[in-house]
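In the UniProt record's numbering, the protein residues as written are 1 to 557.
Glycine residues also receive a C-beta, built at the ideal position from the N, C-alpha and C atoms.
Since the structure comes first, as structure tokens, the remarks are kept for the end.
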Ligand SMILES: Nc1nc2c(ncn2[C@@H]2O[C@H](COP(=O)(O)OP(=O)(O)OP(=O)(O)O)[C@@H](O)[C@H]2O)c(=O)[nH]1
Ligand SMILES: [Mg+2]
């Protein structure tokens, strides 16, 4: 333990950072993100059988009440992080350290997913081979593009009948304007997945990787390797078709280019079956070879300016990975399981070495605190972490006032950009079922509000006991109620309210806005004044009648 700035030399930090790959798995619901996460972990030999991490079938160990929602419906409600070492075949030296975050696909939980995307260096985007591009995938792609987050595309469920591979490539080009550059092309059509043609840098098939099925796909699928000539003989038509298709794409210029990939113009493409474990280690190899290692991060220009004009100590403009420790909080969550009711702040290390027990400064409050309880969270398991490096994800236990988007640092002052707030589209009231539970209700509300489960809106007319919840989608309300009941023993009642649109306003405009019919003014916990409107026509009407009043859209991202 130490209370000094990073005690590791810049070269050690650089070396640790160099071998790290930190990415999120994203997609429309049901594309197979959690299944792939499991399969990736299986390949790194960190779990012994599929089902150990998320375990939709027979999950082991303790599960919090709200996690029951995930189990009952077979969907992911919250993101979860995994870390493991992985060495591609023939790799020399230290293995890679993979930090992977599985995200929920459902649009109602997209806020959680967006937050994760602020903390990773790349994304693996899954496409269901039978369904092609789906709405949530499109949305997520736009967020990645806006953030400059490189994307590796995986067409999943190739073991099931689906679309033509060239049709899927076309769809990705026309629907999202991203050029897939195949690295591995499927041998056998969807539903008859035999293996992958490994392509050279020029897009030429150089090797046939044939997969063998294992019982239920619960262990790593053995591979056989053949030359193109052998493959052509062995698989006859299937190999020749694959080779022709791959050559067609190569002739079209669909070959990997690292710069265009980092720029989100192109995306390396792989075909896989997460369920059968086909193509999974090819995904890992691709991540190691192509995904960017952790890099420098810029400070929020507003914070730099504010520090300069206040005459306090300067906020440095950019933090290089090999400088003193800094990290960014991207998620705060309590009650991960019933034995640990404490609050975890998930922090991504941006620079330097994090050591458990070190003194750090919370940039937003200026306070210092010691990081005595630090964990890595592996699915539902947690172990104490002694040190961590750029790209790693650490859970800080009960670390005071940390909120999503906050910066902590040692050494010179730095403050990264705040977390973008999401634009709520669903609104409901919330109150405790029985008045006697009011104190607990308040406590639970404060806690879940600080995690950002929903946004809490209040005003004098409704009073503290009857706040309004604002969310991206209604399932967030269910999570809120389930967690209130499960973790705080407070049964709640919610009722619909007749609002559909939220706008940010200010103190000068609020009184006049509040006098309009079908408009109500609230204060959000962060102090922003929020006006709710019956519907978008009502909003348009007020905007037309009162162009002088402030009504700004809340940024979705
Ligand atoms: N046939 C087949 N089924 C798959 C494959 N991958 C996933 N599945 C199935 O698809 C369903 C959804 O898989 P999940 O991994 O839960 O999907 P997800 O993307 O995590 O879903 P959300 O977290 O709810 O967004 C499950 O029934 C899986 O067994 C695959 O490669 N082939
Ligand atoms: Mg999932």
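Residue i Cβ short of 8 Å to ligand 1 heavy atom set
{"i": "residue 331", "result": "no"}
{"i": "residue 28", "result": "yes"}
{"i": "residue 36", "result": "yes"}
{"i": "residue 80", "result": "no"}
{"i": "residue 462", "result": "no"}
Three-state secondary structure assigned by DSSP to residue i
{"i": "residue 268", "result": "strand"}
{"i": "residue 333", "result": "strand"}
{"i": "residue 522", "result": "strand"}
{"i": "residue 355", "result": "strand"}
{"i": "residue 182", "result": "strand"}
{"i": "residue 455", "result": "strand"}
{"i": "residue 310", "result": "helix"}
{"i": "residue 554", "result": "coil"}
{"i": "residue 18", "result": "helix"}
{"i": "residue 193", "result": "coil"}
{"i": "residue 54", "result": "Only weak support is given to the placement of residue 54: the predicted model assigns it a pLDDT of 46, under 50, and the question is left unresolved by the model."}
{"i": "residue 176", "result": "helix"}
{"i": "residue 159", "result": "coil"}
{"i": "residue 62", "result": "With a pLDDT of 27 at residue 62, under the threshold of 50, the modelled position of that residue is not reliable, and the figure given next carries that caveat. If DSSP states are grouped into helix, strand and coil, residue 62 belongs with coil."}
{"i": "residue 407", "result": "strand"}
{"i": "residue 108", "result": "helix"}
{"i": "residue 27", "result": "coil"}
{"i": "residue 560", "result": "With the chain covering 1 to 557 only, the question about residue 560 has no answer from this structure."}
{"i": "residue 262", "result": "helix"}
{"i": "residue 212", "result": "coil"}
{"i": "residue 323", "result": "coil"}
{"i": "residue 346", "result": "strand"}
{"i": "residue 548", "result": "coil"}
{"i": "residue 504", "result": "strand"}
{"i": "residue 48", "result": "Confidence at residue 48 is low in this model, with a pLDDT of 48, below 50, so its placement is unreliable and the value that follows should be read with caution. In the structure shown, residue 48 sits in coil (DSSP, three-state: anything other than H, G, I, E or B)."}
{"i": "residue 498", "result": "coil"}
Element boundaries [beta strand (DSSP E), containing residue i]
{"i": "residue 81", "result": "80 to 86"}
{"i": "residue 127", "result": "122 to 128"}
{"i": "residue 488", "result": "First-last for residue 488: 475 to 488, but that is the alpha helix (DSSP H), not the beta strand (DSSP E)."}
Whole-Å CB distance - residue i paired with residue j, under 8 Å assumed
{"i": "residue 41", "j": "residue 116", "result": "Contact flag wrong, Cβ pair sits at about 17 Å."}
{"i": "residue 326", "j": "residue 365", "result": "No, residue 326 and residue 365 are not in contact; Cβ-Cβ is about 16 Å, not under 8 Å."}
{"i": "residue 465", "j": "residue 431", "result": "6 Å"}
{"i": "residue 140", "j": "residue 113", "result": "7 Å"}
{"i": "residue 344", "j": "residue 269", "result": "The Cβ separation is near 35 Å, so there is no contact."}
{"i": "residue 119", "j": "residue 414", "result": "About 16 Å; that fails the 8 Å criterion."}
{"i": "residue 208", "j": "residue 195", "result": "6 Å"}
{"i": "residue 388", "j": "residue 349", "result": "5 Å"}
{"i": "residue 536", "j": "residue 501", "result": "5 Å"}
{"i": "residue 560", "j": "residue 17", "result": "The structure shown has nothing for residue 560, since the chain only spans 1 to 557."}
{"i": "residue 275", "j": "residue 159", "result": "7 Å"}
{"i": "residue 29", "j": "residue 105", "result": "4 Å"}
Extent of the continuous alpha helix (DSSP H) run through residue i
{"i": "residue 33", "result": "33 to 43"}
{"i": "residue 529", "result": "Careful: residue 529 lies outside any alpha helix (DSSP H), inside the beta strand (DSSP E) at 529 to 533."}
{"i": "residue 469", "result": "Careful: residue 469 lies outside any alpha helix (DSSP H), inside the beta strand (DSSP E) at 468 to 471."}
{"i": "residue 281", "result": "280 to 290"}
{"i": "residue 147", "result": "135 to 147"}
heavy atom of ligand 2 below 8 Å from residue i C-beta
{"i": "residue 102", "result": "yes"}
{"i": "residue 110", "result": "no"}
{"i": "residue 131", "result": "no"}
{"i": "residue 33", "result": "yes"}
{"i": "residue 232", "result": "no"}
{"i": "residue 237", "result": "no"}
{"i": "residue 105", "result": "yes"}
(request) State whether the stretch 220 to 236 contacts the stretch 163 to 179, with contact taken as three or more CB pairs (one from each stretch) at a distance under 8 Å. (result) The stretch 220 to 236 vs the stretch 163 to 179: no contact.
(message) Between the stretch 511 to 525 and the stretch 483 to 492, can you find at least three pairs of beta-carbon atoms closer than 8 Å?
(response) These segments do not touch.
(message) Counting beta carbon pairs with one atom in the stretch 192 to 211 and one in the stretch 249 to 259, are three or more of them shorter than 8 Å?
(response) Touching, yes.
(message) Quick check: the stretch 436 to 444 against the stretch 129 to 145, are at least 3 beta-carbon pairs closer than 8 Å?
(response) Look at the beta carbons and you see the stretch 129 to 145 not touching the stretch 436 to 444: under three pairs across the two are nearer than 8 Å.
(message) Taking 8 Å as the cut-off, does the stretch 275 to 283 touch the stretch 302 to 314 (at least 3 CB pairs, one atom from each stretch)?
(response) No: fewer than three Cβ pairs fall under 8 Å.
(request) May I ask you to verify whether the stretch 83 to 102 touches the stretch 225 to 241, counting CB pairs closer than 8 Å and requiring at least 3? (result) Contact fails: fewer than three Cβ-Cβ distances are below 8 Å.
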